[in-house]
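Quick notes on the structure that follows.
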Amino acid sequence: MKLAEIYEILNEPRKALELVYEVIDSRKKRPKEANASQPSDGTAGSTSLFEERAKSKASAAKTQGRLTHAQLRELEAEKEKEVIRGYKRAKELWAGMLAHDEEAEREWLTEAEKLVETFRETRNLFLTTRTNPFRGMFPRSRPQQDNQHEEDEDRMASRLNLDLEHDTLTKKSTRDKAVDVFRGVSFNDWLRLIMQYCFLLTKRGQFEAADEILRHILVSNAYQARRRQDTIRIALMACAIANERPTIVVEQARKLITGHQFNNEPQRILIAVLSSGLRPTDAFITSTLQKHLFREMKLADVAVRNPEVLRWNPLNKRYAPTATAKSEPGDGDDDVEDVESAAAAEKDTKVLEIPTKNNPIIVAIYGQICIAAKSYQSAICEWSCGVRLYIAMLMGTCRSLFVACI
Numbered sequence: 001m002k003l004a005e006i007y008e009i010l011n012e013p014r015k016a017l018e019l020v021y022e023v024i025d026s027r028k029k030r031p032k033e034a035n036a037s038q039p040s041d042g043t044a045g046s047t048s049l050f051e052e053r054a055k056s057k058a059s060a061a062k063t064q065g066r067l068t069h070a071q072l073r074e075l076e077a078e079k080e081k082e083v084i085r086g087y088k089r090a091k092e093l094w095a096g097m098l099a100h101d102e103e104a105e106r107e108w109l110t111e112a113e114k115l116v117e118t119f120r121e122t123r124n125l126f127l128t129t130r131t132n133p134f135r136g137m138f139p140r141s142r143p144q145q146d147n148q149h150e151e152d153e154d155r156m157a158s159r160l161n162l163d164l165e166h167d168t169l170t171k172k173s174t175r176d177k178a179v180d181v182f183r184g185v186s187f188n189d190w191l192r193l194i195m196q197y198c199f200l201l202t203k204r205g206q207f208e209a210a211d212e213i214l215r216h217i218l219v220s221n222a223y224q225a226r227r228r229q230d231t232i233r234i235a236l237m238a239c240a241i242a243n244e245r246p247t248i249v250v251e252q253a254r255k256l257i258t259g260h261q262f263n264n265e266p267q268r269i270l271i272a273v274l275s276s277g278l279r280p281t282d283a284f285i286t287s288t289l290q291k292h293l294f295r296e297m298k299l300a301d302v303a304v305r306n307p308e309v310l311r312w313n314p315l316n317k318r319y320a321p322t323a324t325a326k327s328e329p330g331d332g333d334d335d336v337e338d339v340e341s342a343a344a345a346e347k348d349t350k351v352l353e354i355p356t357k358n359n360p361i362i363v364a365i366y367g368q369i370c371i372a373a374k375s376y377q378s379a380i381c382e383w384s385c386g387v388r389l390y391i392a393m394l395m396g397t398c399r400s401l402f403v404a405c406i
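Going by UniProt numbering, 346 is the number at position 346 of the sequence shown; the sequence numbering is gapless.
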């Protein structure tokens, strides 16, 4: 079974299915072989393991066929009913869980764990090509693992059958429209359940598990839209703050800043989540964050002074100077890949407007980093520049009001 699981991970469902059928056939023949293990004539039979495996494999290929289309539909319908039943029970326990009822919280965690693992183990929701949205679930199933070996073998066989059938249907219908429901539950409800489950895990001291789940959900084809990516990243930041992991907070804040170019709100979030403390301060003055904000600051200045130099990149939905379209080596800028994967799902995104006025916020933030790093001369320069920009903005506002009054 371990070898079959390895084949499944390597995207070889047919080989895995053959091994599972071999194990199932061997299990079914085990009682008969036990009865026939004592020969009547006193002669010992052949004990070659290789012969038994060869015979069982050949017989498995003949006797065990793939499930029919109708059987696959019935199997998927059963899995959908199971998910709907579990989600309904989780909703019933939700109020008690939020009220800190220990019994309700324990039962809710059990139901949520089953649903989350069912979602994460569904291969069709985590395709290698993230640009392909989720186009439906038929037929697809990956049930919760069981401790009993026989049930595990049967469920793995049914799962592999659905994998093979789904691959066949995917090749035939690649132009189907994306759907927003998985086994009777909308993706928004799935996301809400997963985030609440991760919050409880973090509260119980299992931040590593919550971090793994949220990072896994980030690469799901169902959550590649920019709005959902931001929601998951903010949830990950909340778990990291509760567990005092400022490096993870800064990492996700950088992703938000990169994904929302020329927008002040992600920068405000960065300042808010690193409000106080020694460890947040150490994360705030890291060289990678300084270089990242310095690049954003230079890009914002170029956008105001020489907008004709900038070129719109439709892949990652960002502006970049034509001469330096690629980031310099050694900058530690590892946000481009994630931004591209998230932006690829939004093919109809409009081109961002280039700012026409200088932004004092990012200059002020960079000055704060210089002060925290005890680089006072650089901080004075940045702050004086920020003050000049702020005064210029106020003068422009007052001038507009004066003209309006005249």
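We treat Cβ as the ideally placed atom computed from N, Cα and C, and that holds for glycine.
Bear in mind that the values here come from a model prediction, so they are computed numbers and not experimental data.
Check: Buried or exposed: which applies to K255, given that a residue is buried once 16 or more other Cβ atoms fall within 10 Å of its Cβ?
Finding: By the neighbour-count rule (16 or more Cβ atoms within 10 Å), K255 is buried.
Margin query: Our contact map puts E111 next to R89 with C-beta atoms below 8 Å; I'd like the distance itself, whole angstroms only.
Written below: For a cut-off of 8 Å, the C-beta gap from E111 to R89 is around 5 Å, short enough to register as a contact.
Note to self: In this structure, how does DSSP classify L214 when only helix, strand and coil are distinguished?
What the structure shows: Here L214 sits in helix by DSSP.
Margin query: If the criterion is Cβ atoms closer than 8 Å, does the pair residue 408 and N264 meet it?
Written below: The requested residue 408 does not occur in the structure, where the chain is confined to residues 1 to 406.
Checklist line | Among I194, R226, G205, K203, the one whose alpha carbon lies nearest that of L214 | finding: Taking L214 as reference, the option from I194, R226, G205, K203 with the minimal CA-CA separation is I194.
Margin query: In the DSSP output, what is F182 paired with across the bridge?
Written below: Per DSSP, the beta bridge partners of F182 are V185.
Notebook entry, point to check: What are the boundary residues of the alpha helix (DSSP H) that R318 is part of?
Noted result: It is not in any alpha helix (DSSP H) - R318 instead sits in the beta strand (DSSP E) that spans 318-321.
Margin query: By the DSSP assignment, the alpha helix (DSSP H) with R305 in it spans what residues?
Written below: Per DSSP, the continuous alpha helix (DSSP H) segment holding R305 begins and ends at 287-305.
Notebook entry, point to check: Alpha carbon to alpha carbon, what distance is there between A70 and V219?
Noted result: Whole-angstrom Cα-Cα distance: 32 Å.
Check: Should the segment 283-296 be regarded as contacting the segment 308-316, the criterion being three or more beta carbon pairs within less than 8 Å?
Finding: Under the three-pair Cβ rule at 8 Å, the segment 283-296 does not count as touching the segment 308-316.
Item checked: Inter-residue Cα distance where the pair is G96 and E212 -> Linking G96 to E212 through their CA atoms gives a straight-line distance of about 26 Å.
Note to self: Taking its Cβ as the centre, do 16 or more other Cβ atoms sit within 10 Å of T322, making it buried, or is it exposed?
What the structure shows: Label assigned to T322: exposed.
Notebook entry, point to check: DSSP three-state call for Y366: helix, strand or coil?
Noted result: DSSP places Y366 in helix when its eight states are reduced to three.
Margin query: Can you tell me whether N316 is buried or exposed? The criterion is at least 16 other CB atoms within 10 Å of its CB, across all chains shown.
Written below: Residue environment: N316 is assigned as buried (16 or more neighbouring CB atoms within 10 Å of its CB, all protein chains considered).
Checklist line | Three-state secondary structure (DSSP) of R227 | finding: Helix.
Checklist line | Per-residue burial, G86 [other beta carbons within 10 Å of its own, 16 or more giving buried] | finding: Taking a 10 Å sphere around the C-beta of G86, we find 16 or more other C-beta atoms and assign the residue as buried.
Check: Are A373 and I285 closer than 8 Å when you measure CB to CB?
Finding: One thing to note: A373 has its Cβ within 8 Å of the Cβ of I285.
Item checked: Option nearest Y366 by Cα separation, candidates Q267, P13, C239, F199 -> Minimum Cα distance to Y366 is reached at Q267.
Next item on the list: Express the C-alpha separation of H260 and L270 in angstroms, rounding to a whole number.
Entry: If you take the alpha carbons of L270 and H260, they lie about 13 Å apart.
Notebook entry, point to check: Quick one: Cα of N243 to Cα of L98, how far?
Noted result: So the alpha carbons of these two residues sit roughly 20 Å apart.
Notebook entry, point to check: Expressed to the nearest angstrom, what Euclidean distance is found between the alpha-carbon atoms of F199 and A253?
Noted result: Distance between the alpha carbons of F199 and A253: 19 Å.
Next item on the list: Have a look at P355, Y223, V250 and flag the residue whose alpha-carbon is nearest the alpha-carbon of V304.
Entry: Per the Cα distances, P355.
Notebook entry, point to check: Residues in its own chain within less than 6 Å of L201 by CB, not counting five upstream and five downstream?
Noted result: Excluding sequence neighbours, L201 sits near A209, A210.
Next item on the list: Report the partner residues of N124 according to the DSSP bridge assignment.
Entry: As DSSP reads the structure, N124 sits in no beta bridge.
Note to self: Classify A272: buried if its beta carbon has 16 or more other beta carbons within 10 angstroms, exposed otherwise.
What the structure shows: The residue in question, A272, is exposed, as its Cβ has fewer than 16 Cβ neighbours within 10 Å.
Note to self: Assuming the contact rule is C-beta atoms closer than 8 Å, I241 and V249 should be a hit. Round their C-beta distance to whole Å, please.
What the structure shows: 6 Å between Cβ atoms; contact.
Margin query: So for L310, helix, strand or coil by DSSP?
Written below: DSSP, reduced to helix, strand and coil, places L310 within a strand of the structure shown.
Notebook entry, point to check: Out of curiosity, what's the CA-to-CA distance linking L274 and I234?
Noted result: Between the alpha carbons of L274 and I234 lies a gap of roughly 14 Å.
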